[in-house]
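Chains as they are written, first to last, in the working numbering: chain A, 1 to 81; chain B, 82 to 332.
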Amino acid sequence: MEGDVVVFGQMGQYIGAGLAGIGSGAAAIGVGHVAGNYLAGALRNPSAAASQTATLFIGLAFAEALGIFAFLVSLLLMFAV
Amino acid sequence: MAEHTIEEEGGLVFHPLDQFIVKPLFGDGPVHWYTVTNVTLWMAIAVLCVVLVLVTGTRHRKVVPTKSQSIAELLYGFTYKMVEDVCGREGVKYFPYIMTIFVFILFANFLGLVPMSFSTTSQIAVTAVLGFGVFFAVTILGFVLNGAAFLGLFWMKDAPLVLRPIIAVIELISYFVRPVSHSIRLAGNIMAGHAVIKVFAGFAAIAAISPVSVLAITAIYGLEVLVAGIQAYVFTILTCVYLKDALHPSH
Numbered sequence: 001m002e003g004d005v006v007v008f009g010q011m012g013q014y015i016g017a018g019l020a021g022i023g024s025g026a027a028a029i030g031v032g033h034v035a036g037n038y039l040a041g042a043l044r045n046p047s048a049a050a051s052q053t054a055t056l057f058i059g060l061a062f063a064e065a066l067g068i069f070a071f072l073v074s075l076l077l078m079f080a081v
Numbered sequence: 082m083a084e085h086t087i088e089e090e091g092g093l094v095f096h097p098l099d100q101f102i103v104k105p106l107f108g109d110g111p112v113h114w115y116t117v118t119n120v121t122l123w124m125a126i127a128v129l130c131v132v133l134v135l136v137t138g139t140r141h142r143k144v145v146p147t148k149s150q151s152i153a154e155l156l157y158g159f160t161y162k163m164v165e166d167v168c169g170r171e172g173v174k175y176f177p178y179i180m181t182i183f184v185f186i187l188f189a190n191f192l193g194l195v196p197m198s199f200s201t202t203s204q205i206a207v208t209a210v211l212g213f214g215v216f217f218a219v220t221i222l223g224f225v226l227n228g229a230a231f232l233g234l235f236w237m238k239d240a241p242l243v244l245r246p247i248i249a250v251i252e253l254i255s256y257f258v259r260p261v262s263h264s265i266r267l268a269g270n271i272m273a274g275h276a277v278i279k280v281f282a283g284f285a286a287i288a289a290i291s292p293v294s295v296l297a298i299t300a301i302y303g304l305e306v307l308v309a310g311i312q313a314y315v316f317t318i319l320t321c322v323y324l325k326d327a328l329h330p331s332h
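Spelled out as structure tokens, the structure:
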């Protein structure tokens, strides 16, 4: 009975870690969205594109940070909990 | 928990996260705050490289720059333009701090990519010091320069009055999450990239897929070179953005 609880707990950890991996995919959508919209805007008005690269990278960083958080959650579930 | 997973992943010869273990450089006692570890060593090497490039590179300055002088000038000019673009003329006063952060992170990231080296920026302890340093510096600076008007950062003048308290709470939370996301972004990116390389390196032990895994390591290494530069840039430009908030809280 005691062993069952431990096994179930571990199962939950691994399932949770796997589910947290979905977050990485979601962050990929976000990053693609930012970059794609930037490119769409840059192709319409190439002269304004160069001044907006800083904003592009800030947007990418914010979108990507949440994916990294998801990765961190899955690492914590695998190794720290 | 950790011993358990090593047993279960029988296919891997080593664990992908083993590369991030902080070890004392001499002997193997416990790690105290003053213990010289591999992190200390590689941070010292990063500082040494920065000094080599920036100080000795610009020692004998010429109008027509030598190779090392133009690298140093390129780094300086790039950072200077970034600070000036984001923070405006008033931000240039704080340029040395931002330049220090940028060059240190850039060199630490790239040194982490040297085979058999230790990536110091993958340690949250290292990036948290940098991130919280920026957070405290910017917050204190904001209050010193603007006094109580700095709190206008959280009180949106152009929002409807009913929504302002709600927005203030959200802004306050996002302000205090900044140092956390700022430091975890850098550490997480570097750690994730290096762990992926090690996972593929583990697959190289299986003869049938080892050519594929060597190719994959090469490709991901290329990506990591890109990430190392971009993350240093992102860390620095976010520092500039936070600094801009401190200089002009009312936008």
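We treat Cβ as the ideally placed atom computed from N, Cα and C, and that holds for glycine. Treat the numbers as computed from the prediction; the structure is a model and nothing was measured.
From the DSSP output, in three-state form, read off residue i for me.
i: P260(B); result: helix
i: H113(B); result: coil
i: T139(B); result: coil
i: P196(B); result: coil
i: P105(B); result: strand
i: L98(B); result: coil
i: V243(B); result: coil
i: V144(B); result: coil
i: M237(B); result: coil
i: V81(A); result: coil
i: A285(B); result: coil
i: S331(B); result: coil
Starting from residue i, trace the alpha helix (DSSP H) in both directions and tell me its first and last residue.
i: A218(B); result: I205 to N227
i: L304(B); result: S291 to L328
i: I126(B); result: N119 to V132
i: V164(B); result: K148 to C168
i: T55(A); result: T53 to L75
i: S47(A); result: P46 to A49
Can you list the residues of chain B that residue i reaches, using a CB-CB cut of under 9 Å?
i: I15(A); result: Chain B residues near I15(A): none, gap ~15 Å exceeds 9 Å.
i: F8(A); result: The premise fails here: F8(A) is roughly 15 Å from chain B at the closest Cβ pair, so nothing lies under 9 Å.
Which bits of chain A does residue i rub up against, with CB to CB less than 8 Å?
i: Y314(B); result: F57
i: I126(B); result: Those within 8 Å of I126(B) in chain A number zero; the least Cβ separation is about 26 Å.
i: R266(B); result: A61, E64, A65 and I68
i: A273(B); result: I68 and F71
i: L319(B); result: I58 and A61
i: V322(B); result: I58
i: S331(B); result: Within 8 Å Cβ-Cβ: nothing; S331(B) doesn't reach chain A, min ~20 Å.
So, is residue i buried or exposed, given that buried needs 16 or more other C-beta atoms within 10 angstroms?
i: R266(B); result: buried
i: W340(B); result: There is simply no residue 340(B) to check, as chain B begins at 82 and stops at 332 in what is shown.
i: I87(B); result: For I87(B), the pLDDT reaches just 43, beneath the cut-off of 50, and the residue's location in the model is therefore unreliable, although a value from the coordinates is still provided. By the 10 Å Cβ count, I87(B) comes out exposed.
i: G91(B); result: For G91(B), the pLDDT reaches just 46, beneath the cut-off of 50, and the residue's location in the model is therefore unreliable, although a value from the coordinates is still provided. Label assigned to G91(B): exposed.
i: P260(B); result: buried
i: E89(B); result: Any answer about E89(B) is weak, because its pLDDT of 45 lies below 50 and its placement is not dependable; what the coordinates show is given next. E89(B) comes out exposed.
i: F199(B); result: buried
i: F183(B); result: buried
i: V250(B); result: exposed
i: T147(B); result: exposed
i: T137(B); result: exposed
i: V207(B); result: buried
i: H141(B); result: exposed
i: A153(B); result: buried
i: M82(B); result: Any reading at M82(B) is ruled out, since the residue's pLDDT is 41, under 50, leaving its predicted position unreliable.
i: M11(A); result: exposed
Rounded C-beta distance between residue i and residue j? I'm assuming under 8 Å.
i: C321(B); j: G172(B); result: 7 Å
i: E305(B); j: I278(B); result: 7 Å
i: L187(B); j: G310(B); result: 7 Å
i: I271(B); j: S203(B); result: 4 Å
i: S264(B); j: I205(B); result: 6 Å
i: A327(B); j: L242(B); result: That pair is no contact at about 26 Å.
i: G91(A); j: G67(A); result: For chain A, the structure presents residues 1 to 81; residue 91(A) sits outside this window and is missing.
i: T201(B); j: A189(B); result: 5 Å
i: V295(B); j: A285(B); result: 6 Å
i: A17(A); j: I318(B); result: That pair is no contact at about 32 Å.
i: A70(A); j: A20(A); result: 5 Å
i: L151(B); j: G233(B); result: At residue 151(B) the sequence reads Ser, which differs from the Leu that was named. 43 Å between Cβ atoms; not a contact.
At a CB-CB cut-off below 7 Å, which residues of chain B make contact with residue i?
i: I22(A); result: By Cβ distance, chain B contributes nothing, its closest Cβ being about 16 Å from I22(A), past 7 Å.
In chain B, which residues lie with their C-beta within 8 Å of the C-beta of residue i?
i: L129(A); result: Residue 129(A) lies beyond the residue range present for chain A, which begins at 1 and ends at 81; the question has no answer from this structure.
State yes or no: is the beta carbon of residue i nearer than 8 Å to at least one beta carbon in chain D?
i: A54(A); result: Of the chains in the structure shown, none is chain D; the protein chains are A and B.
In chain A, what lies closer than 7 Å to residue i by C-beta?
i: D166(B); result: A54
i: I301(B); result: Neighbours of I301(B) on chain A: none; closest Cβ ~15 Å, over 7 Å.
i: S262(B); result: A65
Determine the chain A residues that contact residue i at a beta-carbon separation under 9 Å, and present them in chain order.
i: L253(B); result: Per Cβ cutoff of 9 Å: no residues; L253(B) is ~18 Å from chain A at best.
i: I311(B); result: F57, L60 and A61
i: V117(B); result: Simply none; closest approach about 26 Å.
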